[in-house]
Amino acid sequence: MAKHLEVPVTLLTPGTINENLHYGPFARYWWSSRSTNDSNEHIFFPIRLGQKTRVFRNNREFIVSVVLGNSEHPRQPGYFCSSGSFSGKIETSPTRAISSLYNEIFHNSTKFSGPTIIGQNDPKIIEEISRGFRFIPFQITIDKYKIFIHDLGVSSHPEWHNAGSGYSSSLLHFYNKKQALFVSRIVDNECIIEIYQQAQKIKIIRGSTPSEVWRKSWFM
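Be aware that the sequence shown starts at 1, since it is given in full-length UniProt numbering, and climbs by one per residue.
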C-alpha cells in the first residue's frame, strides 16, 4: 500500500501546456482532478509535459519528470524518476516511477503515493501549474459513462444541443470487444466521431448532427 505522508515537494519546472496533448484526442489522460472542500465537484488541473518535482526520502533527492509516452501508450504521460547516479524506467504512473527506483536503491518494497510526490496534493503547486491554459476541461456522467469535455464551441443549432465548431469530448467504451476511446468533435458544420484503440485511429464516422453520428457508430 502506498504511503500517504506529508512530504515537502519542490516544483523545479512547471512544464508546458501542449495544444495537441491537453486539448487533442488523448486530452483526458493529461488532466487530473481534485475535489473542492465543500462539495463533490471536481476541479481539473493539467499534467504538464516536462514538469519536474523534487522530494527527499531517506536522505536522498528524488526527481520525477513528466515525459511523453510510456510502455503502454505513446501519447499518454510517462513518469521518469532519477536520484543521483540512479535512473529508473519510464513508468505509467508517478507511484511506480519513484517506488521502483527507491526499491532498487534501498532494496525494500516501500511504495509511495505518486500524486503526493509530484505535488498534486499541494495547493501552491496546483496553482502554479494551473496557469496559462485557455480552457479548463470538465467531466459529466451519463448513465455509466464519464464524458470528458476538453473543448467547447457554441452554435444556435438546437439539434446539436447548441454545441458548435470546436467542441471536443471523449469517453471510454468497447469497439469490436476491445476497449476504445471515442472522441466526438464538431468541425465547421460536420459532426465527427473518431475511434481509437491504443494510439491508432481505427475508424472515422461523420454525420450532420450529434445524434446521427452516434447512431452510425452503433454506440447508441
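We put the beta carbon where it would ideally sit given N, CA and C, even for glycine.
Remark: C-beta atoms of Thr53 and Val67 do not approach each other more closely than 8 Å. Each residue's CA atom was taken as its position, placing Phe80 and Asn121 some 19 Å apart.
Inter-residue distance for Ile129 and Ile136 is about 12 Å (C-alpha atoms, whole angstroms). In the structure shown, Phe26 adopts coil according to DSSP, grouped into three states. Per the C-alpha coordinates, the member of Gln200, Phe44, Cys191, Pro14 positioned closest to Gln139 is Phe44. If only uninterrupted beta strand (DSSP E) runs of at least 3 residues are considered, those enclosed by the stretch 113-160 are 138-142, 145-151. In the three-state DSSP reduction, Thr209 falls in the coil class, being neither helix nor strand. In the three-state reduction of the DSSP assignment, Ile17 falls in the coil class, being assigned neither a helical nor a strand state. In the three-state reduction of the DSSP assignment, Tyr167 falls in the coil class, being assigned neither a helical nor a strand state.
Burial is judged here by how many other beta carbons sit within 10 angstroms of a residue's own beta carbon; Arg134 has fewer than 16 and is exposed. Where Leu181 is concerned, the enclosing beta strand (DSSP E) starts and stops at 178-187.
Cβ neighbours of Asn18 within its own chain (closer than 6 Å, five residues either side excluded): Leu49. Between the alpha carbons of Phe148 and Tyr196 lies a gap of roughly 15 Å. Per DSSP, the beta bridge partners of Phe56 are Glu61. For Val9, same chain residues with a beta-carbon under 6 Å away, outside a window of 5 residues either side, are Thr53, Val55, Gly119, Asp122 in chain order.
Taking the CA atoms as reference points, Ile126 sits about 10 Å from Pro14. Looking at the backbone, the Cα of Arg215 and that of Thr209 are separated by about 10 Å. Between Pro25 and Leu181 a beta carbon distance of about 7 Å is seen, short of the 8 Å cut, so the two are scored as contacting.
Boundaries of the alpha helix (DSSP H) harbouring Arg96: 94-106, taken from the DSSP string.
In the DSSP assignment, Ile90 falls outside any beta strand (DSSP E) and carries neither an H nor an E. Straight-line measurement puts the Cα of Gln179 at about 20 Å from the Cα of Ser168.
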